[in-house]
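Residue numbers (my numbering): 27 to 219. All C-beta atoms in this analysis are idealised placements derived from N, C-alpha and C, irrespective of residue type, glycine included. Right, one structure below, let's go through it.
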C-alpha cells in the first residue's frame with residue numbers, strides 16, 4: 027500500500043442522484059490514504075474556507091478533481107473553489123509554489139457518448155478539445171497533469187461498465203503513484219457498448 031496522500035475533491039451538485047460519481051466515491055472512500063472532500067456538502071452556501079482548503083492541498087501528493095462535465099467544464103462550486111483557493115502568490119505567480127510537483131488528475135463523467143465527442147458528433151470536437159483550461163490550470167500551478175480518467179455516456183452505459191469503471195478507479199488509487207510514470211494516454215475512457 028502506498029504512503030502517498032490523495033485528496034479527492036468531489037464536486038457534484040446532486041450527488042444523491044448520481045448514477046456513477048456516487049459509486050466512484052463509495053469504491054474508494056475506505057482507502058486510508060484517500061481523503062474524500064465533497065465540496066457541495068462542505069460548502070452549500072459557496073462560502074469557502076480558504077486556509078482550510080489550502081492546508082488540504084498542501085498535505086496531498088495527488089489532487090483528484092472528480093465531477094460530471096457540465097457545459098463542457100466543471101460544476102459552478104468547483105470553479106468558485108478554484109477562483110478562491112488557487113491564489114496568486116500561493117498557487118502560482120511570484121512565490122506561488124505551494125502546489126509545484128503535485129499531481130493533478132481529472133476523474134470525470136460525461137452524459138454524452140464517445141461518438142458525441144467527435145468531429146461529426148453533437149459536441150463537434152473530441153473530448154480533449156475541452157481540456158485546455160484544466161490542463162493550463164495545472165501547468166500554471168506547477169502541477170503534473172495526468173491523463174484524465176473519463177467515463178463517457180454515464181447515463182446510458184450498462185451496469186457492468188459502471189462496475190468495471192469503479193473497480194479500475196479503486197485499483198488506480200491503491201497503486202498510486204506507480205502508474206503515473208508509465209502513462210501517456212487517458213487512463214480509462216471505458217466506452218459504452
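| Check | Outcome |
| --- | --- |
| Report the option in 163, 96 and 65 whose CA atom is closest to the CA atom of residue 119. | 163 |
| Give, in chain order, every unbroken run of the alpha helix (DSSP H) that is at least 4 residues long and sits entirely within the region 48-98. | 65-68 and 76-85 |
| Going along the chain, which residues of its own chain have a beta-carbon closer than 6 Å to the beta-carbon of residue 27, five neighbours each way excluded? | With a pLDDT of 43 at residue 27, under the threshold of 50, the modelled position of that residue is not reliable, and no figure is offered here. |
| Less than 9 Å between the beta carbons of residue 133 and residue 34, yes or no? | yes |
| Within the same chain, show all residues whose beta-carbon is closer than 7 Å to that of residue 199, passing over the 5 residues directly before and after it, in chain order. | 32, 54, 57 and 60 |
| Can you tell me which of the three DSSP states residue 167 falls into? | coil |
| From the DSSP output, which residues share a beta bridge with residue 205? | Answer is none; residue 205 lacks a bridge partner. |
| Just curious, the alpha helix (DSSP H) that residue 199 is in, first and last residue? | 185-200 |
| Do you know how far the Cα of residue 99 is from the Cα of residue 51? | 20 Å |
| Out of 84, 170 and 46, which has the shortest C-alpha to C-alpha gap to residue 178? | 46 |
| For residue 175, which three-state DSSP category applies? | strand |
| Please say whether residue 195 and residue 170 have beta carbons closer to each other than 9 Å? | no |
| In whole angstroms, give me the CA-to-CA distance for residue 41 and residue 48. | 6 Å |
| Roughly how many angstroms separate the alpha carbons of residue 88 and residue 197, rounded to a whole number? | 15 Å |
| Out of 93, 97, 111 and 86, point me to the one whose CA is closest to residue 73's CA. | 111 |
| Taking its Cβ as the centre, do 16 or more other Cβ atoms sit within 10 Å of residue 208, making it buried, or is it exposed? | exposed |
| Keeping to the same chain, check which residues put their C-beta closer than 8 Å to that of residue 203; ignore five residues upstream and five downstream. | 28, 30, 87, 88 and 129 |
| Got a sec? Which residues, its chain only, sit under 7 Å from residue 65 by beta carbon, not counting five neighbours each side? | 35, 36, 37, 103, 104 and 107 |
| Are the CB atoms of residue 137 and residue 95 nearer to each other than 9 Å? | yes |
| Taking the beta carbon of residue 135 as the centre, do at least 16 other beta carbons fall within 10 Å, making it buried, or is it exposed? | buried |
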